[in-house]
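Quick note on numbering: full-length UniProt numbering labels position 21 of the sequence shown as 21, and the sequence is numbered without any gaps.
To start, the structure under review is shown below, and the notes come after it.
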Amino acid sequence: MGGVFDPIHCGHLFTAEEARVEFKLDKVIFTPCRQPAHKRKNDISAPEDRYLMTVLATSNNQFFKVSKVELSRPGPSYSIDTVKDFLKKYNHEVKIFFITGADAFLEIDSWYKSEELIKLCQFVAATRPGYDLNKLDKKFKKIIKIMEIPA
Numbered sequence: 001m002g003g004v005f006d007p008i009h010c011g012h013l014f015t016a017e018e019a020r021v022e023f024k025l026d027k028v029i030f031t032p033c034r035q036p037a038h039k040r041k042n043d044i045s046a047p048e049d050r051y052l053m054t055v056l057a058t059s060n061n062q063f064f065k066v067s068k069v070e071l072s073r074p075g076p077s078y079s080i081d082t083v084k085d086f087l088k089k090y091n092h093e094v095k096i097f098f099i100t101g102a103d104a105f106l107e108i109d110s111w112y113k114s115e116e117l118i119k120l121c122q123f124v125a126a127t128r129p130g131y132d133l134n135k136l137d138k139k140f141k142k143i144i145k146i147m148e149i150p151a
């Protein structure tokens with residue numbers, strides 16, 4: 001589960017646990033990004049602060065881990081690079097479930113190398129009030145699993 005996590009909140013934790021249970025995931029890896037491509041650097045807290053907040057927030061769930069993979073890369077964070085890093089780390093022997101909110105997924109056509117990204121992992125889009133996943137292009141509707149999250 002990637003994100004800015006500024007701050008991480010109960011919605012992130014609830015969504016991660018629901019996805020873990022619903023899709024029978026071995027673990028959920030939270031991946032705070034260094035510099036999101038869609039936000040200015042001075043609009044967010046320092047990367048290390050967001051990492052530590054995420055570690056604290058996830059520490060009571062044995063199935064949650066926090067990765068520094070994006071913090072170790074300079075410049076903007078791109079999901080494609082992170083997914084490739086995880087596939088390499090696990091010798092391509094895992095199936096990656098990319099958990100994100102409906103708000104973010106509705107913008108996937110603007111993501112860097114989105115066409116390649118959707119071939120590398122299974123997307124899980126968590127519903128959010130005010131974001132209609134029915135507005136998605138057909139090519140994206142086919143490849144996602146929608147997870148209903150109560151408001």
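The C-beta atom is built at its ideal place from N, Cα and C for all residues, glycine as well.
Because the structure is a prediction, the values reported are computed rather than measured.
Let me confirm a value: residue i is counted as buried when at least 16 other C-beta atoms fall within 10 Å, else exposed. Which label applies?
i	result
Ile143	exposed
Cys121	buried
Glu70	buried
Pro74	exposed
Ala46	exposed
Report the residue from the options whose alpha carbon sits nearest the alpha carbon of residue i.
i	options	result
Asp132	Lys88, Tyr112, Asp109, Gly101	Gly101
Pro76	Ser110, Thr58, Gln35, His92	Gln35
residue 152	Glu22, Pro32, Phe64	No statement about residue 152 is possible, as the shown extent of the chain runs from 1 to 151 and does not include it.
Ile108	Phe97, Lys84, Asp137, Asp26	Asp137
Val28	Ala46, Lys141, Ser110, Lys95	Lys95
Pro129	Glu48, Gly11, Thr82	Gly11
Glu115	Leu52, Ala151, Phe140, Phe97	Phe140
Arg50	Gly3, Ile146, Ala16, Met147	Gly3
Asp103	Ala151, Glu22, Thr127	Thr127
Can you find the residues in the same chain that come closer than 6 Å, C-beta to C-beta, to residue i, ignoring five residues on each side of it along the sequence?
i	result
Ile118	Ile143
Ile99	Met1, Ala19, Val124
Ser59	none
Phe105	Ala125
Could you check what DSSP says for residue i in three-state terms: helix, strand or coil?
i	result
Phe63	coil
Ile80	helix
Lys135	helix
Met53	helix
Ala37	coil
Thr58	helix
Pro47	helix
Short of 7 Å in beta carbon distance, which residues of its chain neighbour residue i, apart from the five on each side in sequence? Order them along the chain.
i	result
residue 165	Because residue 165 is not part of the residues shown, which for the chain are 1 to 151, the question remains open.
Ala57	Ile8, Leu13
residue 173	As displayed, the chain neither begins before 1 nor continues past 151, which places residue 173 out of reach and without an answer.
Given residue i, which residues of its chain have a CB within under 8 Å of its CB, disregarding the five upstream and five downstream residues?
i	result
Phe14	Ile149
Along the chain, where does the alpha helix (DSSP H) containing residue i start, and where does it finish?
i	result
Gly11	10-22
Ala102	102-105
Ile118	114-120
Within the continuous beta strand (DSSP E) that includes residue i, where are the two ends?
i	result
Ile144	144-147
Val28	28-32
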